[in-house]
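A.B. asks: Be aware that the sequence shown starts at 0, since it is given in numbering that gives the first Met the number 0, and climbs by one per residue. Glycine included, every Cβ here is placed at the ideal spot set by N, Cα and C. If you're wondering where the values come from, they're calculated on a predicted model, not measured in any experiment.
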Amino acid sequence: MATQHGVTIVNGPSDWQIIQQNESGHGRIELSGTWRSNDGNPGVVEVRVAFENTSASVTSALHWRPVQTNNDGTWTATIGEVPAGGLYRLETRLNNAERSRADWSQRGDVRHFIGVGDLWVIAGQSNSAGYGRGPYNDPPEFGIHMLRNSMEWSIATQPMNESTDSKHPVNSEGSTCGHSPYLNFARVLKQHLDYPIGLIQTSLGGSPLHAWNPTEPGEAVLYHNMVECVKAAGGTAKGVVWYQGESDCGGENAITYADRFLKAVAAWRTALNNPELCVITVQLNRHKAKTPDHLGWSIVREAQRTLVKRDANITVVPSTDLPLTDHIHNGPAGNMVLGERMAKSALQHAYEKPIVADAPDLQSVRRMDDGTAIELTFSPVVSFLAIIDENVNPFLVVDDNGTVPIVEVTFPENIGTDRPKIGDENTILLRLDRALVGDAKIHGGYGADPLLLPMDMERTLPVLAFYNVPVE
């Protein structure tokens with residue numbers, strides 16, 4: 000029983016909470032609590048949802064209305080059909096029939112800055128947790144909120160994976176976090192969708208895939224933590240933003256990465272009650288270590304590239320052109336670009352907006368001119384493929400006799416040269432110094448620290464790195 004007069008909310012949304020909308024574009028709020036009259040007369044608990052900035056009821060159906068009020072001093076309410084948008088204020092009051100004016104009813108608890116929109120889960124390792132160092136212009140914004148490690152909702156700010164008052168130390172960072180891509184990710188979504196975005200932070204630097212995958216041996220502690228966090232936020236989400244793989248760039252973990260990741264995603268979809276959960280992934284950026292595993296990094300990047308061909312609700316964006324803050328972590332400038340790329344990928348795939356966000360991906364590899372040339376075709380290409388530094392050759396060709404030297408890389412638009420255009424804007428031609436022998440394979444952007452890859456120039460979007468693709 001409440002000790003305060005009026006209405007007390009015991010269970011319900013928190014200040015700053017974003018509620019996941021349903022397929023009809025509405026949120027549902029479940030409430031319960033206690034009531035106590037200050038004059039001893041019976042009363043009825045009433046609730047309403049108002050705009051935070053005007054105090055007007057959101058709709059006539061969400062104006063003051065009575066809810067289930069029990070004689071034992073408890074009450075319950077279900078508020079359905081709250082339209083996507085906000086920010087809203089949830090109000091309660093105790094209305095007494097003995098009073099002549101409802102606006103002088105007894106006080107009730109209030110929840111502020113509530114929104115209805117979409118929830119996105121932040122998962123993965125350090126580049127998701129955010130290790131970017133240095134200054135940046137990435138300010139917080141009303142309508143972009145997050146469930147912090149304290150399990151309290153607040154306006155979203157950097158650093159996102161800081162562990163103040165953490166209720167789940169399983170993903171507390173050992174080092175001080177910095178800048179991550181996801182505030183800008185949410186900002187771009189909100190600009191296009193015009194409703195609030197909620198972020199649920201669950202990532203952890205250095206975490207391997209098996210910690211997120213309950214189908215592998217072990218406890219999958221980060222998977223369970225993610226599920227518990229989403230449960231606290233309402234039980235489901237629109238999607239997951241995922242940047243991970245560095246810890247799996249070696250041995251059997253790299254070879255099996257694609258299959259294991261698909262099993263992890265299937266488990267997430269079941270646990271988060273969303274069979275079409277969209278997963279926005281990132282193809283790994285560079286690793287400038289002294290002794291990196293070039294083969295392992297190439298295998299994982301290829302797995303990330305081909306995941307989208309096996310699951311229509313997984314997307315991948317490139318990052319190999321983005322600046323680093325150290326030998327392996329994206330800096331703030333790169334994170335801002337990456338957040339926008341991931342948001343545009345979500346807009347295309349999760350929201351079916353009429354934009355082309357996918358990076359150019361290798362579609363075909365053909366022998367030409369009796370095996371002395373190779374034609375590469377990419378899609379989608381909105382403008383034309385070119386490379387900033389014409390002295391760079393990011394391709395590697397091998398056949399039964401070993402490495403095949405590449406004499407010339409010719410792009411469709413040879414700006415500033417007298418060489419002719421070779422064909423469609425999505426085609427690159429490689430001239431070889433000898434004919435191919437037997438089975439031939441091609442790599443693009445090989446190794447932990449790959450050379451600069453060609454771009455769809457007007458979108459400044461590099462092609463996805465690829466590994467061990469057969470030459471037809």
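Is it buried or exposed, Met-367, if we count other Cβ atoms within 10 angstroms and call 16 or more buried?
C.D. replies: Within the sequence shown, residue 367 is the residue found at index 368, counting from 1. Exposed, because fewer than 16 other Cβ atoms sit within 10 Å of the Cβ of Met-367.
A.B. asks: Are the stretch 287–296 and the stretch 220–237 touching, with three or more C-beta to C-beta distances below 8 Å?
C.D. replies: The stretch 287–296 and the stretch 220–237 do not touch, with fewer than 3 CB-CB distances between them shorter than 8 Å.
A.B. asks: Can you name, in chain order, every residue of its own chain whose Cβ lies under 7 Å from the Cβ of Asp-247, other than the five neighbours on each side?
C.D. replies: To locate residue 247, count along the sequence shown from 1; it is residue 248. Cβ neighbours of Asp-247 beyond the five flanking positions: Pro-207, Leu-208, Ala-253, Tyr-256, Val-299.
A.B. asks: Taking Ser-344 as the reference, give the member of Trp-119, Gln-67, Leu-276, Val-316 with the closest Cα.
C.D. replies: On the sequence shown, residue 344 is found 345 positions in, with the first residue counted as 1. Nearest C-alpha to Ser-344: Val-316.
A.B. asks: Specify the secondary structure class of Ala-55 as computed by DSSP and reduced to three states.
C.D. replies: Here residue 55 is taken as the residue at index 56 of the sequence shown, counted from 1. Looking at Ala-55 - three-state DSSP - the assignment turns out to be coil, as it is neither helix nor strand.
A.B. asks: From Leu-203 to Gln-124, what does the alpha carbon distance come to, in whole angstroms?
C.D. replies: Translated into positions along the sequence shown, residue 203 becomes position 204. Translated into positions along the sequence shown, residue 124 becomes position 125. Distance between the alpha carbons of Leu-203 and Gln-124 is about 5 Å.
A.B. asks: Hey, is the stretch 103–113 in contact with the stretch 162–179, meaning 3+ C-beta pairs nearer than 8 Å?
C.D. replies: Counting C-beta pairs with one atom in each stretch, the stretch 103–113 and the stretch 162–179 have fewer than three that are closer than 8 Å, which means they do not touch.
A.B. asks: Give every residue of the same chain whose Cβ lies closer than 7 Å to the Cβ of Val-9, excluding the five residues on either side of it in the sequence, and list them in chain order.
C.D. replies: In the sequence shown, counting from the first residue as 1, residue 9 sits at position 10. These residues qualify, in order along the chain: Ser-31, Gly-32, Thr-33.
A.B. asks: Who are the Cβ neighbours of Thr-459 in its own chain at under 7 Å, not counting the five residues just before and after it?
C.D. replies: Position 460 of the sequence shown, counting from 1, holds the residue named residue 459. So no residue of the chain qualifies.
A.B. asks: Grouping DSSP H, G and I as helix and E and B as strand, with all else coil, what is Val-299?
C.D. replies: Taking the first residue of the sequence shown as position 1, residue 299 is located at position 300. Here Val-299 sits in helix by DSSP.
A.B. asks: Are the CB atoms of Trp-119 and Gln-16 nearer to each other than 7 Å?
C.D. replies: Position 120 of the sequence shown, counted from the start, is the residue given in the question as residue 119. Position 17 of the sequence shown, counted from the start, is the residue given in the question as residue 16. In this structure, the beta-carbon distance from Trp-119 to Gln-16 does not fall below 7 Å.
A.B. asks: Taking the alpha carbon of Phe-377 as the point to measure from, which residue in Val-226, Asp-455, Val-355 has its own alpha carbon closest?
C.D. replies: Along the sequence shown, one-based indexing puts residue 377 at 378. When each option's Cα is compared against that of Phe-377, the closest is Asp-455.
A.B. asks: Three or more C-beta pairs under 8 Å: does that hold for the stretch 67–85 against the stretch 131–138?
C.D. replies: no
A.B. asks: Measure the C-alpha to C-alpha separation of Asp-325 and Asn-126 and round it to an integer number of angstroms.
C.D. replies: Start at 1 with the first residue of the sequence shown, and residue 325 comes out as number 326. Start at 1 with the first residue of the sequence shown, and residue 126 comes out as number 127. Taking the straight line from one Cα to the other gives about 12 Å.
A.B. asks: Do you know whose CA, among Ala-49, Ser-104, Arg-92, lies nearest Gly-85's CA?
C.D. replies: As a working note, residue 85 is residue 86 in the sequence shown. Checked all of Ala-49, Ser-104, Arg-92; the closest Cα to Gly-85 is Ala-49.
A.B. asks: So Ala-76 is in the beta strand (DSSP E); what residue range does that whole segment cover?
C.D. replies: Here residue 76 corresponds to residue number 77 of the sequence shown, with the count starting at 1. First-last of the beta strand (DSSP E) with Ala-76: 73–82.
A.B. asks: Hey, is the stretch 422–435 in contact with the stretch 270–286, meaning 3+ C-beta pairs nearer than 8 Å?
C.D. replies: Under the 8 Å Cβ criterion, the stretch 422–435 does not count as touching the stretch 270–286, having fewer than three qualifying pairs.
A.B. asks: Residues in the same chain with beta-carbon distance under 6 Å from Gly-5, minus the five sequence neighbours each way, listed in chain order, please.
C.D. replies: Against the sequence shown, residue 5 aligns to sequence position 6. Taken in chain order, the residues that qualify are Leu-93, Gln-105, Arg-106, Gly-107.
A.B. asks: Please say whether Val-240 and Glu-339 have beta carbons closer to each other than 7 Å?
C.D. replies: As a position in the sequence shown, residue 339 is number 340, starting the count at 1. As a position in the sequence shown, residue 240 is number 241, starting the count at 1. Going by C-beta atoms, Glu-339 is not nearer than 7 Å to Val-240.
A.B. asks: Could you tell me whether the Cβ atoms of Ile-196 and Leu-146 are closer together than 7 Å?
C.D. replies: Residue numbering aside, residue 196 sits at position 197 when the sequence shown is read from its first letter. Residue numbering aside, residue 146 sits at position 147 when the sequence shown is read from its first letter. Result no, Cβ atoms of Ile-196 and Leu-146 do not sit closer than 7 Å.
A.B. asks: Is it buried or exposed, Asp-399, if we count other Cβ atoms within 10 angstroms and call 16 or more buried?
C.D. replies: Position 400 of the sequence shown, counted from the first residue, corresponds to residue 399. With fewer than 16 other Cβ atoms within 10 Å, it is exposed.
A.B. asks: Nearest by alpha-carbon distance to Trp-211: which of Ala-263, Ile-313, Asp-360, Ser-162 is it?
C.D. replies: Indexing the sequence shown from 1 puts residue 211 at position 212. Nearest option by C-alpha distance: Ala-263.
A.B. asks: With which residues is Glu-151 paired in a DSSP beta bridge?
C.D. replies: Position 152 of the sequence shown, counting from 1, holds the residue named residue 151. For Glu-151, which the question treats as bridged, DSSP gives no partner whatsoever.
A.B. asks: Leaving out the 5 sequence neighbours to the left and right, which residues in its chain are closer than 7 Å to Glu-140 when beta-carbon positions are compared?
C.D. replies: Position 141 of the sequence shown, counted from the start, is the residue given in the question as residue 140. Arg-186, listed in sequence order.
A.B. asks: Could you have a look at Cys-277 and say whether DSSP puts it in helix, strand or coil?
C.D. replies: For this step, residue 277 is matched to residue 278 along the sequence shown. Strand.
A.B. asks: Should Ser-23 be labelled buried (16 or more other beta-carbon atoms within 10 Å of its own) or exposed?
C.D. replies: If you number the sequence shown from 1, residue 23 lands on position 24. Label assigned to Ser-23: exposed.
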